[in-house]
Structures are given as C-alpha cells and as structure tokens.
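Here it is, written out as structure tokens:
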C-alpha cells in the first residue's frame, strides 16, 4: 500500500483501526525462540521496509540504510560475534544472575528467515544543521524510529523480529563492510514465528518486570509531584 493510498482513506481512525494499532504495540515481542523455517516473501519485506522508510526523521534527513543478510555463512559469522560478546559481557552480570543469563535465549540469528542491519549514515545531512545544531545525535534517534516502524509493521504482518544488541560494533562493521561514517543501529532477526509469547521473554523468565507507569509520570519538573487524575486514569487502564 502506498502512502498516497493510505492518505486517501481519511485522517480519522475508527475504533477497529485504533484497536489494531494498540494491539500491535502491546503484543510486539522481541522474538528469540519461536522462528519457523519458512521463507519471508519479498512482498511482505517490501511493506515492512516501506513502513520503516516512512519513520519520522529530524530535518527530514532520512539517515537510514537497510542491509539484508540472507547468506548462512555470514550469519554464522555474526553469531560467532554474538557468542564472543556474550562472554565479554558475562563478568558484568551479577554473580547470582549469571546462571539465568546463560540459560536465556538471546538471539535467533541462524534460525530466522533473514537478518537485517539498520544503519545510520552520519554524513547524509552534514550540510544541513536543521534540528541537529544543538542535538547532533538526532540522526541516531531518527534511525531508531525507523526500527520501531519496522517492528510494529512486522507484528501487524505476523512477522517476528528480534533485536541482537550483544555484538561488538567495530567487529560487525568489519564483517559487513560498513564505512567508518556509518553507525549500525540495530541488528535484527526477522521471520515467521510459531507464536508471539503472551509476555516478554525476560519477564517470563524472571529477569525483570514492567515498571509501574504512574511512578514514571512527573509534573512540570523532574520528580515534580502532581497529575493525580492522569495517574489514576493510567492505573485504571492497567487494571483493565
């Protein structure tokens, strides 16, 4: 579906459309364990990339690129980078949590239909300071918006996505021939899945739990008290 076709349908969302948007957000999962060996149709991948390409970007810089990785040997090499990085990370994990950490499934690099590396070209808008003069990192944040668009569109298409963050950046750049001025933002495992888990994996395995949103809402200043009606409304949503 093109952007023009979407715009032509009108500005308002009916209740079913609103429900679908929230459903995609609340049931999105960082998939590790549920990939199935089915190929991902290029027409579906094209829709997901188109969604990513329509992410908001400060100064309309559109700093992203999308490296599609299908080759099995290259993916095994990426997995080797992950395994090495995981061992490097281990000493930083609290001693009492290291056994749980080793049991966690933290990637699906070789099991998914394909991998996708989303990068940020930090020179693409070097001649335009719009939106970046005081905040030069906005190109990085804009690329993260593209990742989120891709992820939510994937959930709507029944496609699983897992973000592999335990990789040493410079090693990944060398493996994928990424130029010095380009920053890898997200390395994603993408493919059809057998299910979307009812809860995030790290929550289900006891690694952490979702923080209470009312405790994160502040009024006027950091840690400012107030907004009691808003916090009550949030709490009622949580109860529902």
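Residue numbers (full-length UniProt numbering): 1 to 240.
For every residue, glycine included, the Cβ atom is placed at its ideal position computed from N, Cα and C.
How close, in whole Å, do the beta carbons of residue 51 and residue 150 come, if the pair is a contact with beta carbons under 8 Å?
As a position in the chain shown, residue 51 is number 51, starting the count at 1. As a position in the chain shown, residue 150 is number 150, starting the count at 1. That belief holds up - the Cβ atoms of residue 51 and residue 150 are roughly 6 Å apart, short of 8 Å.
Does the Cβ-Cβ distance between residue 29 and residue 200 come in under 9 Å?
Mapped onto the chain shown, residue 29 falls at position 29. Mapped onto the chain shown, residue 200 falls at position 200. Cβ atoms of residue 29 and residue 200: closer than 9 Å.
Got a sec, what are the start and stop residues for the alpha helix (DSSP H) residue 151 sits in?
Walking along the chain shown from the start, residue 151 turns up at place 151. Per DSSP, residue 151 belongs to the alpha helix (DSSP H) from 138 to 156.
Opposite residue 187 in the DSSP bridges: which residues?
Looking up residue 187 in the chain shown gives position 187. Per DSSP, 117.
Could you check how far apart the C-beta atoms of residue 243 and residue 107 are, in whole angstroms? I think they sit under 8 Å.
The structure shown does not extend to residue 243, since the chain spans only 1 to 240, so no value can be given for it.
Taking one C-beta from the stretch 207 to 225 and one from the stretch 63 to 80 each time, how about it: are there three or more such pairs within less than 8 Å?
no
Would the stretch 69 to 82 count as touching the stretch 166 to 175 if we require 3 or more Cβ pairs under 8 Å?
yes
Segments assigned beta strand (DSSP E), at least 3 residues, entirely inside the stretch 23 to 99
Taking 3 residues as the minimum length, the beta strand (DSSP E) runs contained wholly in the stretch 23 to 99 are 64 to 69, in order along the chain.
Own chain partners of residue 130 with C-beta closer than 6 Å, once the 5 adjacent residues on each side are dropped
Here residue 130 corresponds to residue number 130 of the chain shown, with the count starting at 1. These residues qualify, in order along the chain: 59.
Would residue 194 be called buried (16 or more neighbouring beta carbons within 10 Å of its own) or exposed?
As a first step, residue 194 is located in the chain shown; it is residue number 194 there, counting from the start. Exposed.
Identity of the residue in 40, 73, 23 and 20 nearest residue 159 by Cα
In the chain shown, the residue the question calls residue 159 occupies position 159. Comparing Cα positions, the closest option is 40.
Looking at residue 152 and residue 24, is the spacing between their C-beta atoms short of 9 Å?
In the chain shown, the residue the question calls residue 24 occupies position 24. In the chain shown, the residue the question calls residue 152 occupies position 152. Cβ atoms of residue 24 and residue 152: closer than 9 Å.
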